[in-house]
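Here is the structure we will look at.
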Amino acid sequence: MNPLENLQKLKLRLPEVSTPGGNYVSVNIRANIAYVAIQFPILNEEYLYQGRLGDELRTEDGYHAMELCTLNVLAQINSKVGFNRLVGLNHIDIYFQASKNWDESPKVANGASDLFVKILEEKGTHSRAIFGVQSLPRNFSVGLTASFTITES
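With the UniProt record's numbering as the guide, the letters of the sequence shown map in order to residues 1 to 153.
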């Protein structure tokens, strides 16, 4: 598994690492688990995919927003931990805001799940939970947290 080569094959690049918007760290390591704080669809400090799924945004937009969140999670891991220390992705939590009658969250969540597997291969398999929320910061449509098992430094 070489995530950087897989990114290149997919014609993707890791975004610039964003800084936390409050009193927390973007990656918190406890023992051999790295927890990545919520990542939003931000590309090099530009806020994208804002609004509610089913209103301002389509399901396909949500899928692409989750792909961008995934790239931000991977940028954090690469920067703070290093891909060479990854044992594997454990679990992801997906948050979304949507209109009352919109019900396609698994399709949006697949934006993250599909990309993790394409980039990390077998180390990208994971469990997941999906949460519909009333609102997200900056009116983002989606957000993503993740935990990884890592080797000792």
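C-beta atoms are modelled at their ideal positions from N, C-alpha and C, and glycine is treated no differently. Note that the coordinates shown come from a computational prediction; the quantities given were computed from them, not determined experimentally.
- Taken in chain order, the complete alpha helix (DSSP H) segments of 4 or more residues contained in the stretch 106-131 number zero; there are none.
- Judged by beta-carbon spacing, Phe96 lies within the 8 Å limit of Ser141, meaning their Cβ atoms are closer than that value.
- Close CB contacts of Ser127 within its chain, under the 6 Å cut and outside five residues either way in sequence, are with His91 (chain order).
- CA-CA distance, Arg13 to Leu120, rounds to 14 Å.
- Looking only at Asp93, Thr70, Leu48, the smallest Cα-Cα distance to Val117 is reached by Thr70.
- In the structure shown, Thr59 falls within a helical segment according to DSSP collapsed to helix, strand and coil.
- Within the stretch 19-93, the complete beta strand (DSSP E) runs of at least 3 residues fall at 27-30, 33-39.
- When beta bridges are read from the DSSP output, Val142 appears opposite Phe96.
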